[in-house]
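Single-structure report; data block below.
Protein chains in written order, with the numbering used here: chain W, 1 to 140; chain Z, 1001 to 1200.
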């Protein structure tokens, strides 16, 4: 049965740049949905389409994720934080299957597998960009 | 939440040019209601974040950074003693240079400037494949672009399979994927490595 993110689930989350940017981000583009922007509350999800899923393959890590398409809203919270933010899907990612079994923890609370990428604007609202990755809870 | 609001009040008072307390800053009425609210609750999903700035530093005047965003909008960012600064590692405000790329988060002031809670200078987060490893450099492929990553003694660390960060990079392997947190060098387009996440 596919994982239903209407109920809170845990995951690792990293961040990615998209839209106009500087340095290596200069060629990032608007993402799979065309409107992704580093300065907006956007995210990437591994199952936005068949083509996306074929790249990210969360199933290889045992995650049976529901299809969620461009514009879908997730509510995300640092596993050790109290602030919840809302983000919309604007890209495909992360490439979950490269990191199967990876685990991030904070204060003894842990999450496994990368199921969500956040833009810098979103990630920095609940975490420190220099951390690179953090455990989160997410729900629809 | 009270901690967040407290920090925001402190930043606001700092930008108002005083070391005054929260009470003083709010008493003079210079802090707009929107600056007092928690921005994380104010931003709609998918919307531009008004309390976040992305761009490159085009001017520095004392504690004020002039930043041109990649969409060409101009932003002014106040640095205060409370602003945390990252440039390859936690550092101080004088590390900011014209030409640096930047992400900043803070409090939007009534005049449109941003009082920075935190700035990250030249920070990049790259999903790469390692193409070769030298004595003090790691060559990487980033979506078809070649990137040179410099190992910085005393700073660069690796995280293998969730283990605590270590300075030993010997378990990195050519051909494997990795995630790199680093600091971009605007002059050469190369990267200094802060943390390399890899499977061992």
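Think of the CB as a built atom: it goes at the ideal place given N, C-alpha and C, for glycine as much as any other residue.
Two segments are said to touch when three or more pairs of C-beta atoms, one from each, lie closer than 8 Å; by this definition the segment 1153-1173 of chain Z does not touch the segment 1109-1120 of chain Z. Chain Z has a Cβ within less than 8 Å of the Cβ of residue 88 of chain W. Under DSSP, residue 1115 of chain Z forms a beta bridge with Z:1078, Z:1107. At a cut-off of 8 Å between beta-carbon atoms, residue 1160 of chain Z makes no contact with chain W.
Buried is the label assigned to residue 23 of chain W, since at least 16 other Cβ atoms lie within 10 Å of its Cβ.
Listed in chain order, the beta strand (DSSP E) runs fully inside the segment 66-116 of chain W are 73-78, 84-92, 103-106, 109-112, counting runs of at least 3 residues.
Chain Z places a beta carbon closer than 8 Å to that of residue 16 of chain W, counting this residue as a contact. Against chain Z, the beta carbon of residue 98 of chain W has neighbours under 7 Å at 1177, listed in chain order.
By the rule that beta-carbons nearer than 8 Å mark a contact, residue 45 of chain W does not touch chain Z. Assignment of residue 1141 of chain Z by DSSP, reduced to helix, strand and coil, places it in the strand class. Of the candidates W:140, W:139, W:103, W:65, W:103 places its Cα closest to the Cα of residue 1163 of chain Z.
Around the Cβ of residue 117 of chain W, a 10 Å sphere holds 16 or more other Cβ atoms; the residue is buried. Using a Cβ-Cβ cut-off of 8 Å, residue 120 of chain W counts as an interface residue toward chain Z, since at least one Cβ of chain Z sits closer than that to its own. Non-local C-beta neighbours of residue 52 of chain W in its own chain, meaning closer than 6 Å and more than five positions away in sequence, comprise 92, ordered along the chain. Fully enclosed beta strand (DSSP E) runs of no fewer than 3 residues occupy 9-15, 42-45 of the segment 1-68 of chain W, in order along the chain.
Just so you know, the alpha carbons of residue 1130 of chain Z and residue 58 of chain W end up roughly 23 Å apart.
A Cβ-Cβ contact shorter than 8 Å links residue 1064 of chain Z with residue 1076 of chain Z.
According to DSSP, residue pairing for residue 1044 of chain Z in a beta bridge does not occur. For residue 129 of chain W, the nearest beta carbon of chain Z is closer than 8 Å to its own beta carbon. When secondary structure is reduced to three states using DSSP, residue 1096 of chain Z falls in the coil class, being assigned neither helix nor strand.
Only residues of its own chain outside the window of five on either side were considered, and among them 1087, 1088, 1121, 1122, 1123, 1124, 1191, 1192, 1194 have a CB closer than 8 Å to the CB of residue 1183 of chain Z, listed in chain order. The way I'd put it, the segment 1171-1181 of chain Z doesn't touch the segment 1096-1114 of chain Z; fewer than three beta-carbon pairs between them come closer than 8 Å. Proximity to residue 72 of chain W across W:13, W:131, W:87 peaks at W:87, based on C-alpha coordinates. Under a 10 Å Cβ-count criterion, residue 1143 of chain Z is classified as exposed, with fewer than 16 other Cβ atoms of the shown protein chains found around its own Cβ. Using a CB distance cut-off of 8 Å, residue 1085 of chain Z does not count as an interface residue toward chain W.
Look at residue 1092 of chain Z: its C-beta is not under 8 Å from any C-beta on chain W. Chain W places a beta carbon closer than 8 Å to that of residue 1195 of chain Z, counting this residue as a contact. In the structure shown, the three-state DSSP call for residue 1102 of chain Z is strand. Against chain W, a Cβ distance below 8 Å from residue 1065 of chain Z picks out nothing, because the smallest value is about 14 Å. Distance from the CA atom of residue 99 of chain W to the CA atom of residue 28 of chain W, rounded to whole angstroms, is 22 Å. The Cβ of residue 54 of chain W sits no closer than 8 Å to any Cβ of chain Z.
Interface annotation, residue 1125 of chain Z: in contact with chain W, CB-CB separation under 8 Å.
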